[in-house]
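**Q** My questions will all concern the structure given below.
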Amino acid sequence: MQANRSDLEPVVLLEDVRCRLRDKLVLDGVNLQVNEGEIVAVVGVSGIGKSTLLKVIAGLVPVQSGVVKVFGCDLTKCSEDEINQIRQKMGFVFQSGALFDWMTVAENVAFPLKVIDTGLSDEEISERVKRLLDAVGMEGTENLLPEQLSGGMRKRVAIARALAAQPKLVLYDEPTSGLDPVMSGVINDLIKQMRDKFGVTEIVVTHDLASAIRFADRIAMLHDGKIIAEAPPEEFLRLSNPVVQQFVKGEAVGPLTEFIDRL
């Protein structure tokens, strides 16, 4: 397996990807390219397969056909050990934050550095944890437990943890879910700041179009198993596709409603 990629090769490349979960074809010919340093938002209604798409990119869910290239390596042809090596270049921010309740904030952020061989001393790990918590606006919270944090604070700690092992790609699953508008704005800005500060490539799945417009370089819409449209935010809002327009306008009647009724 060739681990290195040329500067011209995308970080993620999906070609005609089909993925079936149980008896349902969730992804039916997905094509998507994400280039280095980009923030790409994948939007769509709830239950459409956005989280499954992230799991495919992370090598957590097998596909029935197609190409899933991450850092130039086709996961469909990789061994589990090779996929694990690729995952070490990724960070994950789960919808719930998924912090360990019994660990302090500092221990949660340090966790990825404890499970992979980084060669860092305990002092170096502590210094990195502090820098990351400072970067996400959570300085001074090292000794708190997750139960002492608000939802937005937990999401910020989760972002710090995702960046702990200095990944090249960060995957976000509904990062603003359950947050009020103010805290959603904080998280949206953080997503962009983390790209600018650490140089990571980011893929964010969300049904929150207002958030996607705020942080994304490009928005792709997943519908009926396919990416049906993609464009920079301002262009995306003007696309003539009737499904996109119903999603943009939040209208109750249209092709999206008819599709949801069939789910």
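If you read the sequence shown in our numbering, its first letter stands for residue 139, the second for the next number, and so on. Just so you know, even glycine gets a beta-carbon here, dropped at the ideal spot from N, CA and C.
Compute the Euclidean distance between the alpha carbons of L271 and V295, then round it to the nearest angstrom.
**A** Walking along the sequence shown from the start, residue 271 turns up at place 133. Walking along the sequence shown from the start, residue 295 turns up at place 157. Taking the straight line from one Cα to the other gives about 7 Å.
**Q** Count the other CB atoms, across all protein chains shown, that sit within 10 Å of the CB of V150; report buried if there are 16 or more and exposed otherwise.
**A** Along the sequence shown, read from residue 1 onward, the residue named residue 150 stands at position 12. Result: buried.
**Q** Per the contact definition of three or more C-beta pairs closer than 8 Å, is the segment 352 to 366 in contact with the segment 167 to 187?
**A** The answer is yes - the segment 352 to 366 touches the segment 167 to 187, with three or more Cβ pairs under 8 Å.
**Q** Taking 6 Å as the limit between beta carbons, can you name the residues of its chain near D355, skipping five residues before and five after?
**A** One-based indexing of the sequence shown puts residue 355 at position 217. Within the same chain, D355 has close Cβ partners E176 and I177.
**Q** Taking S189 as part of the alpha helix (DSSP H), name the residues at either end of that continuous run.
**A** Residue numbering aside, residue 189 sits at position 51 when the sequence shown is read from its first letter. That run of the alpha helix (DSSP H) goes K188 to I195.
**Q** Taking R158 as part of the beta strand (DSSP E), name the residues at either end of that continuous run.
**A** Numbered from 1 along the sequence shown, position 20 holds the residue referred to as residue 158. Run containing R158: V150 to L159, per the beta strand (DSSP E) assignment.
**Q** Where does M139 sit, in a helix, a strand or coil, going by DSSP?
**A** On the sequence shown, position 1 is the one that residue 139 refers to. In this predicted model, M139 has a pLDDT of only 39, less than 50, meaning its place in the structure is not dependable; the value taken from the coordinates is given anyway. If DSSP states are grouped into helix, strand and coil, M139 belongs with coil.
**Q** Go ahead and label T190 buried or exposed: buried means 16 or more other beta carbons lie within 10 angstroms of its beta carbon, across all protein chains shown.
**A** Position 52 of the sequence shown, counting from 1, holds the residue named residue 190. Burial call: buried.
**Q** Pair every Cβ in the segment 292 to 307 with every Cβ in the segment 252 to 270, then say whether three or more of these pairs are closer than 8 Å.
**A** The segment 292 to 307, when compared against the segment 252 to 270, does touch it at the 8 Å Cβ threshold.
**Q** Just to confirm the assignment, what range does the alpha helix (DSSP H) spanning M228 have?
**A** Here residue 228 refers to the residue found at position 90 of the sequence shown. Premise fails: M228 lies in the beta strand (DSSP E), M228 to V231, not in any alpha helix (DSSP H).
**Q** Please classify K306: does DSSP put it in a helix, a strand, or coil?
**A** Here the question's residue 306 lines up with position 168 in the sequence shown. Note: K306 maps to coil in three-state DSSP.
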